[in-house]
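Below you'll find the structure, written out as structure tokens, and then a few comments.
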Amino acid sequence: MTTINLARIEDVPAITECVAAAYCHYIDRIGKPPGPMLEDYRKVVQQHRVLVLVDGMNVVGVLVLIRQIRNLLLDNVAVHPAYQGRGLGRQLIVRAEDEARCMRLAAVTLYTNEQMTENIELYKRLGYMETERKTVQGYQRVYMRKELPDKTS
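Going left to right, the sequence shown walks through residues 1466 to 1618 as the numbering used here numbers them.
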């Protein structure tokens, strides 16, 4: 059974390995390592809200959230390839939406590389709408947003 926990500094090596495993197959497709593979996860854990999906003692998923003025940026969602296809990515995305609601934020935003077409389709199925496309630091990004209705109304 998996659980979602707040990441600790001790989790950084496992987070780094999980992200590398989740994204390495995109290197050939986009011609370079995806942005999440280049992050210093020690700094990320210290500066942002990072949650880990744990199976037993193993980190099998990562969720990086950055609070913005009106939105929560879902900066990274990664699931280890050995655990993909089980709905765990969806579970992490729903958790991001729940976190945004708890912070009383209006929406969750995210971006992904335009070559990661399966991710774009997943986000669309989960209610995310494309807002723009632009190139940032040499990456062709697709920006998406999901408005979060107030559950109390």
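Cβ atoms here follow ideal geometry from the backbone N, Cα and C, with glycine treated the same way.
From a predicted model like this one, the values you see are computed outputs, not experimental measurements.
(Q) Rounded to whole angstroms, what is the Cα-Cα separation between Glu1583 and Glu1504? (A) Taking the straight line joining both Cα atoms gives about 22 angstroms.
Q: Between the Cα of Ala1547 and those of Asp1476, Ala1485, Glu1475, Asp1615, spot the shortest distance and give me the residue it belongs to.
A: That would be Ala1485, whose Cα lies nearest to the Cα of Ala1547.
Q. Can you give the Cα-Cα distance for Met1502 and Thr1467, rounded to whole angstroms?
A. Answer to the nearest angstrom: the Cα atoms are 24 angstroms apart.
Q) Taking DSSP as the reference, what is the three-state secondary structure of Lys1497? A) Look at Lys1497 here: in three-state DSSP terms it is coil, with no helix or strand label.
Q. If we count the other Cβ atoms within 10 Å of its Cβ and call it buried at 16 or more, is Ile1480 buried or exposed?
A. Taking all protein chains shown into account, Ile1480 has 16 or more neighbouring C-beta atoms within 10 Å of its C-beta and is therefore buried.
**Q.** As assigned by DSSP and simplified to three states, the class of Leu1575
**A.** Correct three-state label for Leu1575: strand.
Q: Identify every residue that forms a DSSP beta bridge with Thr1467.
A: BP columns for Thr1467 point to Asp1520.
Q) DSSP on Ile1531, reduced to helix/strand/coil? A) When DSSP states are grouped into helix, strand and coil, Ile1531 belongs to the strand group.
(Q) Would you say Asn1470 lies against chain C (beta-carbon separation less than 8 angstroms)? (A) Among the protein chains of the structure shown there is no chain C, as only one such chain exists.
Q) Can we say the segment 1521-1538 touches the segment 1582-1596, given the rule of at least three CB pairs closer than 8 angstroms? A) Counting Cβ pairs under 8 angstroms, fewer than three are found: no touch.
Q) Distance, Cα to Cα, Leu1553 vs Thr1600? A) Those two C-alpha atoms are separated by around 29 angstroms.
**Q.** Contact belief for Val1573 with Leu1537 at Cβ below 8 angstroms, rounded distance in angstroms
**A.** With a beta-carbon spacing of about 5 angstroms, Val1573 and Leu1537 fall inside the 8 angstroms limit used to define contacts.
(Q) Let me confirm a value: Lys1589 is counted as buried when at least 16 other C-beta atoms fall within 10 Å, else exposed. Which label applies? (A) Exposed, since its Cβ has fewer than 16 Cβ neighbours within 10 Å.
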